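Everything in the sequence shown is counted per the working numbering, starting at 7 for the first residue and increasing by one.
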Amino acid sequence: MDTSSHPGLTIKIAVFGTEFSATRKLAKSLNSISIIRGANFSGLIPHQLWNLSSLRYLSLGDNSDLYVDNLRWMSGLSTIQYLGLSSADLHREVDWLQIMSKFPSLMELYFTSLLRLDLTNSSLKGNIPPSIFDLEKLESLSLYTNKLVEQIPEPLSQFKHLTYLDLGVNSLNGPIPSSFGNLSRIRTLLLDKNRLNGTIPKSHGLLSKLEALYVGKNSLMGIVDEGHFRKLSKLKVLYMTEARLFFNVNSNWVPPFPLDHFSMSSMKIGPNFPSWLQSQRSLIFLDMSMFGISGKTPSWF
């Protein structure tokens, strides 16, 4: 037991057991707990830690077999300044950001093993929280239906494992980052119902695993051509409704994708009927209202 580095009591835990069961007696003086790095402990991080009202430093990191079922027990840690949970399994707790925001004393936070984060309709305001960018292992991120503003930050394109990203129904503005072309594992990308402007980057045509793209109901402008779909062989859903875009492809273009759902109402695509639709034999939903097409509908349609 080491008490030299803090005015209160510091304890370094070597095994789970008696130390945690004794926390009620230590609660008034204990201010630091550190589990030995890489000690390969396993099991549920015990809720008894909430009794440690004087705790300022809690490090449980680099023990990949530890898991958390929820973090609401942390409400008693009113003086916590450092929390390290790197490599711990956190997938059972999706409300961590709201919980952490209730700790004004917290200065450092490490949740590096989080895989899925759903903050849908969480009343988030302002910029996308920068703490999210430290979650390098994220596979799924939803910030749908909040009050986020400003531009989409470039660091979002650094998530190498991300397969699902939903930023829909916010007030994000500015261009879609061309660096999103680096999201090599992305399957679903939802950016609809924001205030995004500029053009759709051609780098999106490199997203070979992309299955669903939602960019409709923004203020996007410019030309969409074959280059935007170059490697999108798995694309099934394309939602570009109410965008001021001009769909300009060669008359003999054969898309690399088999669409199920296609919505491009209010876009400019005419005056001729898009012949490439003849190749889309899997379509179950098609919205071409206010498309600006003149002339006869082809017999194959």
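Idealized CB from N, CA, C, for every residue including glycine.
Source: prediction; values computed, not measured.
Paired residues, beta bridge with residue i - DSSP
| i | result |
| --- | --- |
| L144 | Paired residues: none, contrary to the question. |
| I229 | F252 |
| R201 | N179 |
| D172 | S148, L196 |
| G49 | L72 |
| L154 | G132 |
| D266 | None; D266 has no bridge partner. |
| V243 | A218, H267 |
| L292 | F268 |
| K274 | F252 |
| R122 | S146 |
Length of the line joining the Cα atoms of residue i and residue j
| i | j | result |
| --- | --- | --- |
| L283 | D266 | 12 Å |
| I206 | L120 | 30 Å |
| L2 | P262 | Given that the chain is displayed from residue 7 to residue 307, the structure contains no residue 2 and the question cannot be resolved. |
| Q286 | F307 | 10 Å |
| K215 | R201 | 26 Å |
| P304 | S257 | 14 Å |
| Q157 | H210 | 18 Å |
| L220 | K143 | Sequence check: residue 220 is Tyr here, not Leu. Cα-Cα distance, rounded: 24 Å. |
| M270 | N152 | 25 Å |
| S184 | V255 | 21 Å |
| E145 | L162 | 12 Å |
| D293 | D140 | 39 Å |
| T85 | S65 | 15 Å |
| R122 | L61 | 28 Å |
| Y63 | N76 | 19 Å |
| T126 | D231 | 33 Å |
| I138 | S281 | 44 Å |
| K208 | L154 | 25 Å |
| G233 | H167 | 25 Å |
| L213 | K131 | 30 Å |
| G187 | Y88 | 35 Å |
Where residue i falls, given that 16 or more other Cβ within 10 Å makes a residue buried
| i | result |
| --- | --- |
| K302 | exposed |
| D71 | exposed |
| G222 | buried |
| S129 | exposed |
| E160 | exposed |
| S190 | exposed |
| P4 | Residue 4 cannot be examined here, being either before or after the span of the chain that is shown, 7 to 307. |
| F268 | buried |
| S177 | exposed |
| F165 | buried |
| R78 | exposed |
| S295 | exposed |
| F291 | exposed |
| S48 | exposed |
| N278 | exposed |
| N224 | buried |
Reference residue i, options the options, closest by Cα
| i | options | result |
| --- | --- | --- |
| L289 | T169, P159, K242 | K242 |
| P52 | L61, M294, Y63, V74 | V74 |
| L50 | V155, E248, R98, D172 | R98 |
| L226 | K199, P135, L130 | K199 |
| F235 | L251, V260, R250 | V260 |
| R193 | M273, S177, D172 | D172 |
| G204 | L213, S59, L251 | L251 |
| Y150 | N133, D231, D124 | D124 |
| L196 | G187, G174, V255, L212 | G174 |
| S272 | S163, I86, A249, F253 | A249 |
| G228 | S184, K274, N188 | K274 |
| A218 | S239, R62, G180, V230 | S239 |
| T169 | G187, L147, L244 | L147 |
| G180 | N133, G233, M246 | N133 |
| K237 | P264, L58, Y88, I182 | P264 |
Residue-chain proximity (residue i, chain C), Cβ-Cβ < 8 Å
| i | result |
| --- | --- |
| E217 | The structure shown contains no chain C; it is built from a single protein chain. |
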